[in-house]
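To keep things clear, I will list the structure first and then write my remarks on it.
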Amino acid sequence: MNELAFYHVWGVAGRGQFGRVLCAQDRRTQELRALKELEPRRFPTHRLLRELRFLLSLRHPAIVACYALLHRHKNRYLVMEYCESGTLRTLLEHRERTPLEQGLRLLATVLEGLEHAHGAQIIHCDIKPENILLQRQAAGLVAKISDFGIAKVLQEAQGESNNTGSPAYMAPERFYGQVSVAADIYAVGVMLYELLVGDRPFSGMPQELRQMHLSKKLEIPDSVPPGLRGVLSRSLAKLPAQRFTSAAAMRAALMAVVAGGNGLVLPAHPLPEPTVLHLKQMPTQLLTESLGAIALGGDQVYGITCLELYRFRVAGQGLAKPVYVAALPAPCYGLWQGSAGIFAAGLEGLWFWDRQRWQQCSGLGAIMAGEERGDWLMVAGDRGGEVHSLRYGKVIPWQMPPASVLWGGAVLDAHHFAVATAGRLFLWSRRGHCLSQLNLPVAVNRLIRGRQPGVLVLWHSQRADVLWRVEVTPLRLQEITLPKPCVLATAFAWGYGMITADSIIYLLDDLGEVVGVLHLEPRFDQITLLTALGSSSLLVGGVTAGQASLHRLELAALPIDVVF
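Quick note: the sequence shown uses our numbering, first residue 4, plus one each step.
Here's what the structure looks like:
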């Protein structure tokens with residue numbers, strides 16, 4: 004029997020030294036799993052059995068869980084817990100955006116996992132940032148130890164030569180084949196040094212690293228907070244007997260510093276300050292009523308107020324005055340320009356404008372999203388919806404599971420769309436087949452599509468200053484924290500534009516880093532519209548002192564650090 008058939012593979016989540024790591028979904032439980040591929044010629048059977056033995060015997064929240072071993076042709080796969088937020092390496096590479104307390108708590112969690120492993124007489128022997136996986140849970144980011152491929156049982160390791168591992172994180176005695184609890188503690192000390200300083204204590208080729216770990220004096224910069232200097236020097240002592248006696252002892256020392264809190268500031272490597280501009284003159288059109296949605300299609304743009312359809316041109320860098328086209332058949336707040344014409348959606352349904360009159364084509368319209376090329380669109384109500392194929396003239400119904408109340412949806416690519424409840428993301432094909440249900444670690448209440456296929460941006464339901472960038476296949480989560488809560492957002496090919504209630508636009512790159520801050524003057528009393536126009540223009544709409552207006556911002560003409 005092909006046990007791999009029980010899993011739907013969403014994509015390659017990473018590559019290790021022994022094969023790929025696949026993001027897969029168990030068709031029976033809908034849970035995401037990591038399938039760790041172990042090629043026989045690179046990972047022999049005795050090492051596979053050793054890692055499997057360790058993983059199955061170590062059950063702890065800070066250690067990646069292993070559920071099964073699968074065989075497919077000549078390859079073997081470990082079925083493991085999926086961690087969607089990358090590794091500690093990613094966090095260390097962007098340490099300037101990481102609160103020091105968060106980093107210390109993650110290392111404290113690693114020490115918890117090591118204490119559990121050491122209690123079972125298992126020494127990991129390859130602790131490094133790449134082997135610390137990150138997972139987003141309701142309480143925040145948590146760390147989990149992975150890859151026990153070269154781990155040793157303490158009693159078995161006595162007298163056995165073992166100097167394999169990662170030289171940059173190896174304790175001095177490891178180069179002589181000695182294995183002990185203190186060696187894992189030394190590796191955590193190296194990661195702590197990286198968090199605090201931004202680099203490892205020693206760098207070079209393997210032979211150079213060996214000599215440095217053995218004899219070069221540890222230098223701790225003055226920028227390291229005083230309370231952590233002692234933790235560093237003790238964990239990185241040359242002699243095992245001078246280090247912490249256990250992982251629990253080092254964890255207690257770290258948490259004592261966290262509890263004290265005074266002076267707990269990450270050593271300075273500040274990010275470049277984003278460009279801050281005050282914009283007072285922009286191409287502007289005054290409107291009798293504010294536009295609530297627009298539909299792009301070349302240089303011809305359609306927009307709607309609550310009850311009217313307008314058209315205007317955006318050729319060059321100008322902004323033509325909107326021209327009245329027709330009255331809407333009912334209040335609408337969604338607009339999409341497809342290959343067949345204009346679609347407007349509202350609580351009373353979906354309507355199609357054939358350039359002469361409106362036709363109602365669905366009783367659903369609370370949620371609408373259209374495919375980029377204009378070939379199909381999705382509409383939904385609270386518990387289900389329809390896919391309208393414009394090319395083939397078909398309407399395909401789809402239904403949500405019981406007790407699932409929808410609040411948002413977006414097209415992912417040419418073949419798929421996503422809809423969301425408060426804590427779940429449902430992936431559908433354009434043929435009306437539910438492909439997957441993804442549990443979200445946080446409650447969200449709004450989403451937009453990113454510019455790259457398969458990317459969504461979701462709003463935290465409790466905090467308007469926190470967004471989530473979600474890559475759906477394979478699932479990856481990235482938290483984006485804004486300087487202020489935003490009310491509307493739009494996606495560019497290079498990043499995102501966000502606007503606050505007090506008319507400040509934040510421009511973010513794809514990593515969530517603020518690269519520009521635009522203060523619009525005068526401020527809007529109400530923001531009604533924010534839409535990317537190509538790769539370097541923004542349309543902004545709102546109301547000031549009772550006067551509705553529409554503005555065009557040419558970002559390429561501004562001195563901001565973006566390659567358009």
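Just so you know, even glycine gets a beta-carbon here, dropped at the ideal spot from N, CA and C.
Owing to the predicted nature of the structure, the values given are computational and were not obtained by experimental measurement.
Reduced DSSP category for residue i - H, G, I as helix; E, B as strand; rest coil
{"i": "R53", "result": "helix"}
{"i": "R100", "result": "helix"}
{"i": "A271", "result": "Residue confidence is low: A271 scores 49 on pLDDT, short of 50, so the model does not pin down where it sits. Its coordinate-derived value is still stated next. Here A271 sits in coil by DSSP."}
{"i": "Q529", "result": "strand"}
{"i": "V12", "result": "strand"}
{"i": "P277", "result": "coil"}
{"i": "G264", "result": "coil"}
{"i": "Y395", "result": "coil"}
{"i": "T534", "result": "strand"}
{"i": "L558", "result": "helix"}
{"i": "M285", "result": "coil"}
{"i": "G116", "result": "helix"}
{"i": "R314", "result": "strand"}
{"i": "H121", "result": "helix"}
{"i": "Y85", "result": "coil"}
{"i": "P486", "result": "coil"}
{"i": "Y80", "result": "strand"}
{"i": "M253", "result": "helix"}
{"i": "P3", "result": "The chain is shown from 4 up to 567; residue 3 falls before or after that span and cannot be answered."}
{"i": "Q303", "result": "strand"}
{"i": "A171", "result": "helix"}
{"i": "A27", "result": "strand"}
{"i": "S552", "result": "strand"}
Proximity test, Cβ basis, 8 Å: residue i and chain D
{"i": "R139", "result": "Going by chain labels, chain D is absent from the structure shown, which holds only one protein chain."}
Pick from the options that is closest to residue i, judged by C-alpha positions
{"i": "V328", "options": "G306, G341 and E115", "result": "G306"}
{"i": "P102", "options": "L59, M371 and L199", "result": "L199"}
{"i": "A559", "options": "A504, Q320 and W354", "result": "Q320"}
{"i": "G352", "options": "A343, G344 and Y336", "result": "Y336"}
{"i": "Q288", "options": "K324, T308 and H63", "result": "K324"}
{"i": "Q124", "options": "V184, S169, L511 and A68", "result": "V184"}
{"i": "Y313", "options": "S169, S407 and L294", "result": "L294"}
{"i": "E374", "options": "P332, G457, P405 and P444", "result": "G457"}
{"i": "P2", "options": "F495, Y70 and E516", "result": "Not covered by the structure: residue 2. The range shown for the chain is 4 to 567."}
{"i": "N78", "options": "L114, F420, L38 and A551", "result": "L38"}
{"i": "K131", "options": "L114, L338, S392 and L322", "result": "L114"}
{"i": "A417", "options": "R394, A406 and P400", "result": "R394"}
{"i": "Q440", "options": "V24, Q28, Q481 and F21", "result": "Q28"}
{"i": "L367", "options": "D378, G377, Q359 and A347", "result": "A347"}
{"i": "E99", "options": "F567, S506, L514 and E524", "result": "L514"}
{"i": "N442", "options": "E197, L242, E211 and R139", "result": "R139"}
{"i": "S238", "options": "S226, P229, V227 and A252", "result": "A252"}
{"i": "E104", "options": "R62, L231 and D202", "result": "L231"}
{"i": "D378", "options": "L290, A343 and L310", "result": "A343"}
{"i": "W401", "options": "V408, S407 and E389", "result": "E389"}
Nearest-angstrom Cβ-Cβ length linking residue i and residue j, presumed shorter than 8 Å
{"i": "V518", "j": "D468", "result": "Rounded, the Cβ-Cβ distance is 18 Å, inconsistent with contact."}
{"i": "L58", "j": "F151", "result": "6 Å"}
{"i": "G549", "j": "T531", "result": "Not a contact, Cβ separation roughly 13 Å."}
{"i": "S539", "j": "E557", "result": "7 Å"}
{"i": "T493", "j": "T547", "result": "Between T547 and T493 the Cβ distance is about 20 Å, and since that is not below 8 Å, they are no contact."}
{"i": "T112", "j": "A154", "result": "Rounded, the Cβ-Cβ distance is 18 Å, inconsistent with contact."}
{"i": "P332", "j": "W354", "result": "5 Å"}
{"i": "L561", "j": "L280", "result": "6 Å"}
{"i": "M381", "j": "A372", "result": "5 Å"}
{"i": "M285", "j": "R555", "result": "6 Å"}
{"i": "R23", "j": "E40", "result": "5 Å"}
{"i": "G396", "j": "Q340", "result": "Incorrect: roughly 18 Å between the Cβ atoms, too far for contact."}
{"i": "L137", "j": "C69", "result": "That pair is no contact at about 18 Å."}
{"i": "R213", "j": "A171", "result": "That belief does not hold up - the Cβ atoms of R213 and A171 are roughly 11 Å apart, past 8 Å."}
{"i": "E524", "j": "L282", "result": "7 Å"}
Residue i beta carbon near the ligand HEM (any heavy atom closer than 7 Å)
{"i": "V145", "result": "Ligands in the displayed structure: none, and consequently the ligand HEM is not present."}
Quick one: any contact between the stretch 410-420 and the stretch 443-450, if contact means 3 or more CB pairs under 8 Å?
-> Counting Cβ pairs under 8 Å, three or more are found: they touch.
Is the number of C-beta pairs between the stretch 471-489 and the stretch 9-28 that are closer than 8 Å three or more?
-> Short answer: they touch.
Would you call the stretch 248-258 and the stretch 217-226 touching, i.e. three or more CB-CB distances under 8 Å?
-> Contact fails: fewer than three Cβ-Cβ distances are below 8 Å.
Would you say the stretch 379-387 touches the stretch 435-448, given that touching needs at least three Cβ pairs under 8 Å?
-> With the rule of 3 Cβ pairs closer than 8 Å, the stretch 379-387 does not count as touching the stretch 435-448.
What runs of the alpha helix (DSSP H), each 4 residues or longer, lie entirely inside the stretch 177-233?
-> DSSP runs (the alpha helix (DSSP H)) wholly in the stretch 177-233: 184-200 and 209-218.
Okay, do the stretch 138-147 and the stretch 104-114 touch, 3+ Cβ pairs below 8 Å being the bar?
-> Enough Cβ pairs lie closer than 8 Å, so yes.
Evaluate contact between the stretch 116-124 and the stretch 91-98, counting only Cβ atoms and requiring at least three cross-stretch pairs below 8 Å.
-> Because the criterion of three Cβ pairs below 8 Å is not met, the stretch 116-124 and the stretch 91-98 do not touch.
Can at least three beta-carbon pairs, one atom from the stretch 222-229 and one from the stretch 184-193, be found at a separation below 8 Å?
-> Note that the stretch 222-229 does not touch the stretch 184-193; fewer than 3 beta-carbon pairs, one per stretch, sit closer than 8 Å.
Segments assigned beta strand (DSSP E), at least 3 residues, entirely inside the stretch 358-397 | For the stretch 358-397, the continuous beta strand (DSSP E) assignments of 3+ residues that do not extend past its boundaries occur at 361-365, 370-373, 379-383 and 387-392, in sequence order.
In chain order, which beta strand (DSSP E) runs of at least 3 residues are fully inside the stretch 402-488?
-> Taking only runs of at least 3 residues, the beta strand (DSSP E) segments lying wholly in the stretch 402-488 are 411-414, 419-423, 427-432, 437-442, 447-452, 458-463, 469-474 and 479-484.
Going along the chain, which unbroken runs of the beta strand (DSSP E) with 3 or more residues stay wholly within the stretch 323-361?
-> The DSSP assignment places 326-330, 337-340, 345-349 and 352-356 as complete runs of the beta strand (DSSP E) inside the stretch 323-361, in order along the chain (cut-off: 3 residues).
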